[in-house]
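A.B. asks: Under the numbering used here, the very last position in the sequence shown is 429; numbers go up by exactly one each time.
Backbone N, C-alpha and C define an ideal beta-carbon position, used for all residues, glycine too.
Following this message is one structure expressed as structure tokens.
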Amino acid sequence: MTRIAVVTLTAAIAAPGGAKAEQLKIAMIEALSGPAAQTGIAFTEGMRYGVDRLNAAGGFNGQPVKLLEYDNQGGPTGAAEKLKAAIAEGARIVSSASSSAVAAQLSEDIRKHNLRNVGKEVIYFNVGSEAYELTAEKCHFWFFRMGTNPYVRIKALVRAMKDNNVLGEKIYSINQNYSYGQDHEKAQAQFVKEAGATVVESVLHDVNKIQDFSPYVAKIKASGAQTVITGNWANDIILLIKAVGDAGLKVRIGNTSLDTPGTLGNAGALALGSYLVKIYNLEAGGAPGKAFIEDFKTKIGHYPYSEEPTSVFATALLGEALKLVNFKGGDIDAKAVALALEKAKWESPVGPWSVRADDHQVILPITISEVSRAATYKVDTTDMGFKLVRVVPADAAAVAPSPACKMQRPG
């Protein structure tokens, strides 16, 4: 086990009467190296900032909150080993983000751990893994999804593109062939149909293994599609955009990961006009939003234009939940924290965050943006950024809980 980093925190506050207070430790098990590191590092930076804010507000249970960081080495096996290390080190909240496969492994391992260790349970505070099954057939009391899922994102994206008259009538759906991409395919089919348009063809492909997307672009061209909607991320969105541009194909792209560091830098002007659906946009939120992004830049060194706001806002909601419990400087009761998360509310710069008790899906506002040279904040040392198109309120962004979630609550 290698602990990659521990956030520098404020000095410990003495527990009342010298009692031995249990320190709240949050373990971030994330891809900090390898092909998914651009995403994993962004989520982790947001968590660092969020934990620092918790400690600036006084910490918890008479002590600063401690963040432990572990590199999951890109897969479920590495994550499972790091989970054991995190629990051994005293973590009571475990977080991860960038892989639904990793999330499924951690979720099941934590569920089993908690069955065997009543009174020493661990909360899984997931801030970015979007496979729908995690809050559907695989839901459980100890799992909280503090981000979106493909149905939430694609619902908002398709409706915004239709309202702005850029959706078109013929849509091409291309996604990665694993749980997350398969959910995207289903969500795209559902909401494109609701918008009165047609998915003319749908394709699933291997994840981050395709080096040449020109055969797929030839299919897009042959289909007559006016718009491509895709949940692709990392190289799979960069290379897809490049292949579309190389073919001279005039289609608009709607996506969920254009803001991953390096994407616009690699795609260049070919990305102009593409639509992005995300939890936050740097142009949003008025004065509170401006204060947040400037403080983040001061503390971390850059603006939070990618995945960072998800971790920051999720940690802020956790902070509100922690205000609802008081362990009086003694042991932490994870069940009490979980129940508090179900009741907590936090006001982000663009609207309220809360957790739905039925399936532990966070209910949150999201933003729609267009890649544009007119964006206020440029990214990837380019002349482009993400121009805010719309903020979708939390109630409008939400989708109903899955009937497959049969959550069993502890006694």
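1) Please report the straight-line C-alpha distance between SER292 and ASN250, rounded to a whole angstrom.
2) Taking ASP89 as part of the beta strand (DSSP E), name the residues at either end of that continuous run.
3) Please give the ranges of any beta strand (DSSP E) in the segment 116-163, keeping only runs that are unbroken, at least 3 residues long and fully inside the region.
4) Leaving aside the five residues before and after ALA174 along the sequence, list all residues of the same chain whose C-beta is less than 7 Å from its C-beta, in chain order.
5) Alpha carbons only, please: which of TYR142, ASP127, THR316 and SER191 is nearest the one belonging to SER220?
6) Assign LEU133 to one of two classes, buried (16 or more other C-beta atoms within 10 Å of its C-beta) or exposed (fewer than that).
7) Helix, strand or coil for TYR323, going by three-state DSSP, please let me know.
8) Where do the ends of the alpha helix (DSSP H) carrying THR400 lie?
9) Can you give me the C-alpha to C-alpha distance between ALA205 and VAL112, rounded to a whole angstrom?
10) In the DSSP assignment, find the unbroken alpha helix (DSSP H) run with HIS202 in it and report its ends.
11) Could you tell me if ASN183 is buried or exposed, where buried requires 16 or more neighbouring beta carbons within 10 angstroms of its beta carbon?
12) Can you tell me where the beta strand (DSSP E) with LEU294 in it begins and where it stops?
13) Distance, Cα to Cα, ALA104 vs ALA309?
14) Within a Cβ cutoff of 6 Å, which residues of the same chain sit near LEU406, ignoring the five residues on either side of it in sequence?
15) Rounded to whole angstroms, how far is the Cβ of ILE59 from the Cβ of LEU50, which I believe are closer than 8 Å?
16) Can you grab the Cα-Cα spacing for the pair ALA207 / LEU86, in whole Å?
17) Along the chain, where does the beta strand (DSSP E) that runs through THR216 open and close?
18) With a threshold of 9 Å between beta-carbons, can ILE111 be considered close to chain D, or not?
19) So, do the segment 94-110 and the segment 356-375 have three or more beta carbon pairs nearer to each other than 8 Å?
20) Whole alpha helix (DSSP H) runs in the segment 225-262 with 4 or more residues, listed along the chain?
21) Measure the C-alpha to C-alpha separation of LEU288 and GLY348 and round it to an integer number of angstroms.
22) Below 6 Å CB to CB, which residues in the same chain sit around SER118 once its five sequence neighbours on both sides are set aside?
23) The ligand NAP and SER420: does the residue's C-beta get closer than 8 Å to at least one heavy atom of that ligand?
24) If you reduce the DSSP assignment to three classes, tell me which class THR166 lands in.
25) Based on DSSP bridge pairs, tell me the residues matched to TYR190.
26) Closest to ILE172 by C-alpha separation, out of LEU124, ILE141 and LYS211, would be which residue?
27) Mind checking GLU312: buried by the 16 CB within 10 Å criterion, or exposed?
28) Alpha carbon to alpha carbon, how far is GLU155 from ASP181?
29) Please report the Cβ distance between VAL417 and VAL170, rounded to the nearest whole angstrom; I am assuming they are in contact, meaning their Cβ atoms lie under 8 Å.
30) Keeping to the same chain, check which residues put their C-beta closer than 7 Å to that of ALA375; ignore five residues upstream and five downstream.
31) Assuming ALA109 contacts GLY80 (C-beta within less than 8 Å), just tell me the rounded distance between them.
32) Under the three-state reduction of DSSP, which class applies to THR278: helix, strand or coil?
33) Going by DSSP in three states, ILE384 sits in which element: helix, strand or coil?
34) Are the Cβ atoms of LYS188 and VAL218 separated by less than 9 Å?
35) Determine the closest residue to GLY214 out of VAL176, GLN229 and SER116, with distance taken between C-alpha atoms.
C.D. replies: Straight from the coordinates:
1) 13 Å
2) 84-89
3) 141-144 and 161-163
4) VAL295, ILE384, ILE386, VAL410 and ALA415
5) SER191
6) exposed
7) coil
8) Taken as a continuous stretch (DSSP letters only), THR400 belongs to no alpha helix (DSSP H), as it is neither H nor E.
9) 28 Å
10) 197-212
11) exposed
12) 293-296
13) 34 Å
14) ASN299, GLU301, ALA302 and SER387
15) 6 Å
16) 40 Å
17) 216-223
18) Among the chains in the structure shown there is no chain D, since it carries only a single protein chain.
19) no
20) 232-241
21) 56 Å
22) SER147, ALA149, SER197 and TYR198
23) As far as ligands go, the structure on display features none, and thus does not contain the ligand NAP.
24) coil
25) GLU219 and VAL246
26) LYS211
27) exposed
28) 33 Å
29) 6 Å
30) GLU360
31) 18 Å between Cβ atoms; not a contact.
32) coil
33) strand
34) yes
35) VAL176
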